[in-house]
Amino acid sequence: MVDRINRISEEVKREVSNIIRNEIKDPRLPSMVSVVSANVTKDLRYAKIYVSVLGTDEEKKNAMEALKSAAGFIRREVGRRVQLRYTPEMHFELDTSIEHGVYITKLINETVKDDDAKGNSGENI
C-alpha cells in the first residue's frame, strides 16, 4: 500500500511540474518554480505539493497566490493525465529546504575560507 501511494505521489509530482511549467500562463508565476515533492494521502483525497520558488519574498508570495488560484485547473489536468478513482485536491506549500541548503553551504564555505586565511588547514583536528 505504501509503495502504491509513493508511486502515485511521484506521478502527481511529475504531472503538476509539467502543468506548472507548460500550461499555466499566470504573470505572477516566476520562471523558476520547482515542484520539490508531493504527498498524497492514503485515501487519495488530498495532495500536499511542496514547491520551491527562486526570488524575493514578494515573488514567492505572488507565486503561491497564483498556484492557489490555479489549484482547480491543476487538479482537473492531473485528473485527465493520471488515471485514478479520485483526483486529489491540491494544497500548495512553500518549500525552503533548497534555500536553507544554499545558506548552510555559504556558511561552510565562509568558515573554510576563514580557516585558510588563519593558516589553519584542519590538520590539528
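When we follow my numbering, the leftmost residue of the sequence shown carries the number 572, and every step to the right adds one. Glycine residues also receive a C-beta, built at the ideal position from the N, C-alpha and C atoms.
- Item | Coarse secondary structure for Tyr-617, derived from DSSP in three states | strand
- Ala-641 beta carbon less than 7 Å from that of Ile-595: yes
- Message: Measuring straight from C-alpha to C-alpha, what distance separates Val-653 and Val-583?
- Response: Rounded to the nearest whole angstrom, the C-alpha separation of Val-653 and Val-583 is 8 Å.
- Message: Please report the straight-line C-alpha distance between His-662 and Ile-620, rounded to a whole angstrom.
- Response: Distance between the alpha carbons of His-662 and Ile-620: 6 Å.
- Assuming Ile-669 contacts Ser-602 under a Cβ cut-off of 8 Å, what Cβ separation, rounded to an integer in Å, is found between them? With 8 Å as the limit, Ile-669 and Ser-602 do not qualify as a contact, their Cβ atoms being about 16 Å apart.
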